[in-house]
Every structure is written in C-alpha cells, then in structure tokens.
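A.B. asks: Shown below is the structure under consideration.
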Amino acid sequence: VVSTQSTGDLMRRMPTHNLSKHLGDLVDLCPKLTEELLSAVDQPLSVRRDDMKQKDFIVCDYNRDGESFRSPWSNIYYPYIEGYLPPIQLRTIEEELNKAFKVYTDMYYGEEALSSVYVWDVEGGFAASILIKKKAPETGDTWDSINVMEVFEKMGRPSHYKLTTTVLTSMAVKPGDEGDEEMMRVSGSLTRQKEEDFPSESGHTTNIGQMVEAMENNIRQQMEGVYFGKTRDVMNEIRSVTAGTSRQKQPSAVMMGGGFGAELSGVLAKRKPIQ
Amino acid sequence: MSGLMDISNDEKVRIARDFIRAAPAGEFREVVNDVRVLLGDDALLTTASDVFYEHATDQFCRVDVEGSPALATKEGSVDGSKVFYDPGTGKNFTYKYLTGEATNIEPGVRDNGAESWRKALEDALAVYLKDNFPAFGSAVYGKLDGDTVSLTVAIENHKYNPDNFYCGKWQSKWTVEFPTSGGFAKVVGEMKVQVHYFEDGNVQLHTKKTTEESVQVSNPEEGAKNVVEFIGRSEKEYQLGINENYREMSATTFKSLRRALPITKNLVDWHKLHSLNIGRDLMNRTT
C-alpha cells in the first residue's frame, strides 16, 4: 500500500514527455506491481493494424490477452491467438459504441483521428473503454483520451454510470529562426470522474455518449485554464511582465477562458432533456 | 521490460538517479522520499546520492548564506560534491541537499584579477534584479585566465506552492568573455522556465532559449551597464515570447487537436445517431 502511494506520487511528478521510460523503470524496480502500474498509470495510446479490415485500432489493457491485442473491427487478435472474446450481447454493444464514437470523433477531432471502444463484463453490469487518439499532422502535437465507463444495471431502476476520463496531451512550439535556439512544450494529463443515473429507456449508447461528450468538453475547458492559464500565470508571478511596454497588459487566465465558457453553457442550456 | 529475476543493484541505482534527476524544481525532497521507499535499501540510495549535486546545480538551488541569497552552481563548485563558493559574500559553504541549508561557512578564495569587472557587474545586476523579480537568488563569478576575463552570471527565482498544487522556476545563465584590456565581449545566455501544476493531474511547462551578442566593455562600469542591458532585453523578449506562444497555442494549436464544439455549433444528437445506425444495420440485413 505504501508502495503504490509512492509510485503514484512519483509518476505525478515526472515530466510526461518521457513517460514510457519512467514507467518502464518503475516496473523494473517494482516487478510485483507490474499489473497495477500498467493499468493505473495512463500512457499515450499505441496503435496496431487490423490487416483483415485494413484499419488501425488502439491498443490498451482492455483489449489485450497476453502479448496480443483484439481489433474492434474484425474481433480478431493480432498477433493471432484464440484469446478472450466478449459474449455476443457485449460484442453487440461494443459494435454499436464503436460506430457512434466514430461519428463523435470525426465531429470533434477530425477524420485523421482514431477511436476504439472495448467492452467487458463487470459485476452487476458491464464496462467500456472509449479511446481516442489524435496527432496534428503539421505540428506533431498529440491528444489521447482514455474514457473508462462502468455501467451498473438494476431491475426496474435507472442504470448507474461511472466515468473516469484522462486526457493526455503534448503541445510544442517549434524552434524559431536560425540564430536563437528556443523550445517550448506544455504537456501532461488531467483526470476527472463523474457518476450519474440515467433511465435505461434512452439506451446505453445515448447515455454513454452524452456523458463522455460532456466530460471531454469540460476537461477541454479546464485544460485551457490550466495549460494556458495557470502555468503561464505562475511564470508571470516569478518574473514580472515588464510594465511600460508597447504591448497590452497580459489578460488573466479567467478572462481567457471566458469566451468558451459562455458559448458552451449557452449550448448546454438548449440540450434536449433525456426522455 | 520486467524479467523474471530482480534487476541488478547497479540498475536500481541507475533508475534511482534518473528519477531524482527529473524531479521538478521544488519537489526534490518528495521525489527522493518516493525513491527511498521504492528502493527499500538506504545503502543503494546513498550510492545514488551523487545525483543530488547534479540536480541542485542544474536548478541553481537558492540557499541562505549569512542572510544573502546564494546559489549552488557548477561554476561555484569547490569540490564537485557539496562545497560551493558564493562570490557575493566571498564565503565557501557546504550545501545540505535534503534540508536546503548552508553549513560550515568559511572564507573562500577570490580571483582578484577579475574583481573590478565582477563587482561592477554584480552591482549593476542587483538593480536590474530588484526591478524585475519579486525575489531572486543570484551569483556573479569572475576569473582571469591569462589575458581573458570570464564572468558568469546565474539568476534564479521560483515559486513553490504545493498547497495550491504548483511549483515553478525561472533561471538564466550568462557567460561574458573579453580581453583584460577591454573591447568587445562575447555574451552567451541560456534562459529556462519550468512550471509543474498537479491538481488532479500532471501538467508541465518546459521552455528554454539560448542567445548571444557582442557587447562593448571598455571599462568595468560601462561594460556592466551594457551586459545588464543585454540580459534585461533578452529576458524581457523571452518572457513576452512565451506569453505570445501561449496565445498562439490557445487560439490555434489547441483547436486543431480538438474543437470546442462540432462545426454544427451543437452537441452531438446521440438519439439521432443511434436511430441512424440501427436503421443502417436493418437496411444492410434486408438488402
């Protein structure tokens, strides 16, 4: 128990652009905690090719069996093994969620982004991991979403949904012109959790979709405040932004986030109530 | 990655050093403590502790020496281990890495060949620092090598606020080289900023910039004035540039990763999406 507190604390302090190396070192140092570390520490997502369907898919602990990973498109393991396959009802939910989140991903991240959904059994219901990977072509900046949704169904009562979302991102400014050498990178992860009850009549796809969308929009907004507001404000506390320059005084983080907040809350107010 | 056998002690020490070296400014003690627990062997930690010097001098750790804000730097290292020289007070001190204290304060050795240049720069710099930093630590080192005067300026300020989940540091180093007769000095600067924000997450800013210029140094006072002018101009430009990058990231980069809303300006209609998919599946089955 003391060990996992220390591993968690340590990984929260390491710069995230070197995350894989630090995680590998940690696993080597504490081999007994391997399974726990690999599932508890969020890493940028990796991708494999489904040769049969000629499509990429995201790999993670939830579609892994040994050293192989199951594609959500063909439901086959790569490299091939006769591995664990979800039961037919779950596979149906999984296919439906994959279709719905493909549309969602296109709409928010663009067609170059990749999504994959994996569903598995849990006590009292099922769980789904909704993963999205985006890499901006011109800049190499990255965004990885890891949504883990647990759904608990009760006879004659609303279903209970518990969502944990981690977004990992890395943004860098390329070196400037020759002469002065410069580098700037803002990177890291934010994790949030939310629980809600929804009547099962609306259907799992709709309930899961709305929750994930609201959560990702919320995290994106908070990221603006933290990544671009907070870290910048801390720097400006350490060295005074000189007064008396021709530029305007730097706007505070609150002002910068204001535009999106207003727009988003207006749209959310218009949202259809769940039937 | 993990094998069936435990890794060697040498590997454990290497891993311990790598973690400690990567500790954000202001979080050195916490990282050392975590590593100590995970190593489970204080003898191994002692072996790895040579990395403390590397971390402290990379970060220009500030330490109080007789009321003066001195720095632990490689330039000021006396023994490559834990004894440092503070040019401001002219004293040597032993730096206790885990407590951040200076002990064993003793008179140090000053290189008088460069002293008039060094002192002038130190005085001019003090005015600049008071005007631009709410607090700071600094050191101006000077030495004479044959015919060449070498001055090194180290500047640091930080904000450690773990209760509010953040730590940050600004540091810069400037080397000034010129002939004893004066003339033009080559000034090379390196400026770095790091910020770590860790409320329900782990977000870090890392930025670095190097710059150089030829500066006129005909006499100590004039030279100092010109060097400090270059330092001030560079640091201001760097900081304004970072703020500008933030604006750019927020306005452009971020949007190209994920939009705030779809192009329709409305949230996804999940009911419609679901019916469309069901409809499409039914169609595919009947045709």
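Protein sequence lines, in the order shown, are assigned to chains A and B.
Everything in the first sequence is counted per the working numbering, starting at 1 for the first residue and increasing by one.
Everything in the second sequence is counted per the working numbering, starting at 276 for the first residue and increasing by one.
A virtual CB, placed ideally from N, CA and C, is assigned to each residue, including glycine.
The structure displayed is predicted, hence computed values, not measured ones.
1. Quick one: does Asp65/A have its CB under 8 Å from some CB of chain D?
2. For the beta strand (DSSP E) that Gly458/B lies in, which residues bound it at each end?
3. Report the neighbours of Gly301/B on chain A: residues whose CB is nearer than 7 Å to its CB, in chain order.
4. What is the DSSP secondary structure of Phe228/A, reduced to helix, strand or coil?
5. Taking 8 Å as the threshold (beta carbon to beta carbon), is Thr7/A in contact with chain B?
6. Taking Cβ positions only, does Thr164/A come closer than 8 Å to chain B?
7. In the stretch 127–211 of chain A, which residue ranges form an unbroken beta strand (DSSP E) of at least 3 residues, counting only runs that do not cross its ends?
8. Run through DSSP, which three-state label would Asn494/B get?
9. Return the chain-ordered list of same chain residues with a C-beta closer than 6 Å to the C-beta of Ile380/B, the five sequence neighbours on each side being excluded.
10. So who's on the other strand from Asn367/B, going by DSSP bridges?
11. Three or more C-beta pairs under 8 Å: does that hold for the stretch 500–516 of chain B against the stretch 70–82 of chain A?
12. Using only alpha-carbon positions, find the residue among Glu512/B, Asp293/B and Val543/B that is nearest to Met466/B.
13. I'd like to know whether the C-beta of Arg239/A is nearer than 8 Å to at least one C-beta of chain B.
14. Does the beta carbon of Trp445/B come closer than 8 Å to any beta carbon on chain A?
15. Note down, in chain order, every chain A residue with its Cβ under 7 Å from the Cβ of Asp309/B.
16. Please check if any C-beta of chain B sits within less than 8 Å of the C-beta of Pro15/A.
17. My guess is that Val338/B and Glu376/B are in contact by the Cβ rule of under 8 Å, so how many angstroms apart are they, rounded?
18. Which residues in chain A have a C-beta closer than 9 Å to the C-beta of Ala297/B? List them in chain order.
19. Would you identify the three-state DSSP class for Gln5/A, choosing helix, strand or coil?
20. Taking 8 Å as the CB-CB cut-off, is Ile506/B touching chain A?
21. Nearest chain A C-beta to Thr322/B closer than 8 Å, yes or no?
22. My output table needs one value for Glu376/B: the three-state DSSP class, helix, strand or coil.
23. Considering only their Cβ atoms, is the gap separating Leu532/B from Ala136/A smaller than 8 Å?
24. Of the choices Gln89/A, Met211/A, Gly203/A and Met171/A, whose alpha-carbon is the least far from that of Lys162/A?
25. Return no unless some Cβ of chain A is closer than 8 Å to the Cβ of Arg534/B.
26. Going straight from the alpha carbon of Ser3/A to that of Leu313/B, what length do you get?
27. Tell me which residues of the stretch 128–157 of chain A have at least one Cβ-Cβ distance to chain B shorter than 7 Å, keeping chain order.
28. So, at 6 Å on beta carbons, what are the nonlocal neighbours of Ser200/A in its own chain, with the 5 sequence-adjacent residues on each side left out?
29. Would you mind telling me which residues of chain B sit closer than 9 Å to Met171/A, beta carbon to beta carbon, in chain order?
30. Three-state secondary structure (DSSP) at Leu419/B?
31. Do you know how far the Cα of Phe69/A is from the Cα of Glu487/B?
32. Since I believe Leu33/A is in contact with Thr7/A (beta carbons under 8 Å), could you give me their beta-carbon distance rounded to a whole number of angstroms?
33. Check each candidate in Ala414/B, Arg304/B and Asp309/B and name the one with the smallest Cα separation from Leu564/B.
34. Tell me, please, whether the CB atom of Gln210/A is closer than 8 Å to any CB atom in chain B?
35. Would Ser3/A count as contacting chain B if we go by Cβ distances under 8 Å?
C.D. replies: Reading it off the structure:
1. Absent here is chain D; the protein component of the structure consists of chains A and B.
2. Gly458 to Tyr472 is the extent of the beta strand (DSSP E) around Gly458/B.
3. Those within 7 Å of Gly301/B in chain A number zero; the least Cβ separation is about 10 Å.
4. Three-state result, Phe228/A: helix.
5. Yes, Thr7/A lies at the interface with chain B (some Cβ there is under 8 Å from its Cβ).
6. Thr164/A does not count as touching chain B.
7. For the stretch 127–211 of chain A, whole beta strand (DSSP E) runs of length 3 or above, ordered along the chain, are 142–152, 159–173 and 181–198.
8. Shown here, Asn494/B sits in coil according to DSSP, grouped into three states, outside any helix or strand.
9. Non-local beta-carbon contacts of Ile380/B in its own chain, meaning distances under 6 Å to residues more than five positions away in sequence, involve Lys366 and Phe368 in chain order.
10. According to DSSP, Asn367/B bridges with Tyr360/B and Glu381/B.
11. Taking a contact to require three or more Cβ pairs closer than 8 Å, the stretch 500–516 of chain B and the stretch 70–82 of chain A do not qualify as touching.
12. For Met466/B, the closest of Glu512/B, Asp293/B and Val543/B by C-alpha to C-alpha distance is Glu512/B.
13. Output row for Arg239/A: interface = yes.
14. So, interface residue.
15. Here the neighbours are Ser6, Asp9 and Leu10.
16. Closer than 8 Å: yes.
17. Indeed, because the Cβ distance is near 7 Å, the residues count as touching under 8 Å.
18. Neighbours of Ala297/B in chain A, taken as residues at a C-beta separation under 9 Å, are given in chain order as Arg13, Met14, Pro15, Asn18 and His22.
19. Helix at Gln5/A.
20. For Ile506/B, no CB of chain A lies under 8 Å from its own CB, so it is not counted at the interface with that chain.
21. No - not a single Cβ of chain A is within 8 Å of the one on Thr322/B.
22. The DSSP-derived three-state label of Glu376/B is strand.
23. Cβ atoms of Ala136/A and Leu532/B: closer than 8 Å.
24. Of the candidates Gln89/A, Met211/A, Gly203/A and Met171/A, the one whose C-alpha sits nearest the C-alpha of Lys162/A is Met211/A.
25. With 8 Å as the cut-off, Arg534/B counts as an interface residue toward chain A.
26. Looking at the two C-alpha atoms, the distance is approximately 6 Å.
27. If you check each beta-carbon in the stretch 128–157 of chain A against every beta-carbon of chain B, the ones closer than 7 Å belong to Lys134, Ala136, Thr139, Asp141 and Trp143.
28. Excluding residues within five positions, the ones whose Cβ falls inside 6 Å are Ser159.
29. Per Cβ cutoff of 9 Å: Met524, Thr528, Phe529 and Leu532.
30. Strand.
31. Whole-angstrom Cα-Cα distance: 52 Å.
32. Between Thr7/A and Leu33/A a beta carbon distance of about 6 Å is seen, short of the 8 Å cut, so the two are scored as contacting.
33. Residue 564/B falls outside the range modelled here, since chain B spans only 276 to 562, and no answer is possible.
34. At least one chain B Cβ lies under 8 Å of Gln210/A.
35. Under the 8 Å criterion on CB atoms, Ser3/A is classed as interfacial with respect to chain B.
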